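Single-structure report; data block below.
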Amino acid sequence: MTPDELAKACADAMWADDHASRALGMRIVDVAPGRATVAMPVRPDMVNGHGTAHGGFAFAVADSAFAFACNSRNVASVAYHCDITYLAPAAAGDELVAVAEERSLVGRTGTYDVSVHAGGRVVAEFLGTSRSVGGTVL
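Under my numbering, the first residue of the sequence shown is numbered 28, with each subsequent residue one higher.
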């Protein structure tokens, strides 16, 4: 199995039990070793009284992309720490697209940058640290 095939197989295995992400309308756009792209539509029931998407939805899609990226090498990993900065709002009808890229993977710890885009602009920047917990995804 190639590294790309392994990354896809790991994502498929995780996705099979990820009922929350599917309920939010997320979909895996792309996955490769140390990278993942996840998209999610902003539905009318996801906006607040200002007509913008709650920040938690940008976090949710960023966290999902982060999870697929840090587990893409078939090493079971969990989020150890993460920070998010909200830069711009998203609105109903937008599609949130989170692009996760591995910055560093040393021993049991990985660091990942995730940019969340909507309507051609960056709406949030997420920095996540993962920790392998032993075992494999597959």
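Glycine residues also receive a C-beta, built at the ideal position from the N, C-alpha and C atoms. Since the model is a prediction, treat every value here as computed from it, not as a measurement.
{"Item": "How is the alpha helix (DSSP H) around Asp39 delimited, first residue to last?", "Value": "Pro30 to Ala43"}
{"Item": "What residue range does the alpha helix (DSSP H) around Ala96 cover?", "Value": "Gly82 to Cys97"}
{"Item": "Quick check on DSSP: helix, strand or coil for Asp121?", "Value": "coil"}
{"Item": "Looking only at its own chain, which residues have a Cβ that is under 6 Å from the Cβ of Ala92, when we skip the five neighbours before and after it?", "Value": "Ala63, Val65, Ala125, Ala127 and Val141"}
{"Item": "Tell me, to the nearest whole angstrom, how far the beta carbon of Cys109 is from that of Gly61; I am working on the premise that it is less than 8 Å.", "Value": "Not confirmed; about 17 Å, so no contact."}
{"Item": "Determine the DSSP secondary structure at Arg49, reduced to helix, strand or coil.", "Value": "helix"}
{"Item": "Going by C-alpha distance, which of Asp45, Gly83, Val58 and His46 is nearest Ala34?", "Value": "Val58"}
{"Item": "What's the call for Asp72, buried or exposed, on a 16-neighbour Cβ count within 10 Å?", "Value": "exposed"}
{"Item": "Between the region 135-154 and the region 72-90, do at least 3 Cβ pairs fall closer than 8 Å?", "Value": "yes"}
{"Item": "For Phe86, which of Val143, Ala38 and Met28 has the nearest alpha-carbon?", "Value": "Val143"}
{"Item": "Using CA atoms only, rank isn't needed, just tell me which of Met53, Ser104, Ala118 and Arg70 is closest to Phe88.", "Value": "The residue you asked about is not Phe; residue 88 is Val in the sequence shown. The residue with the shortest Cα to Cα distance from Val88 is Met53."}
{"Item": "Restricting to Cα atoms, I'd like to know which of Thr29, Ala117, Asp39 and Trp42 is closest to Gly146.", "Value": "Ala117"}
{"Item": "What are the residues that DSSP puts in a beta bridge with His108?", "Value": "Thr156"}
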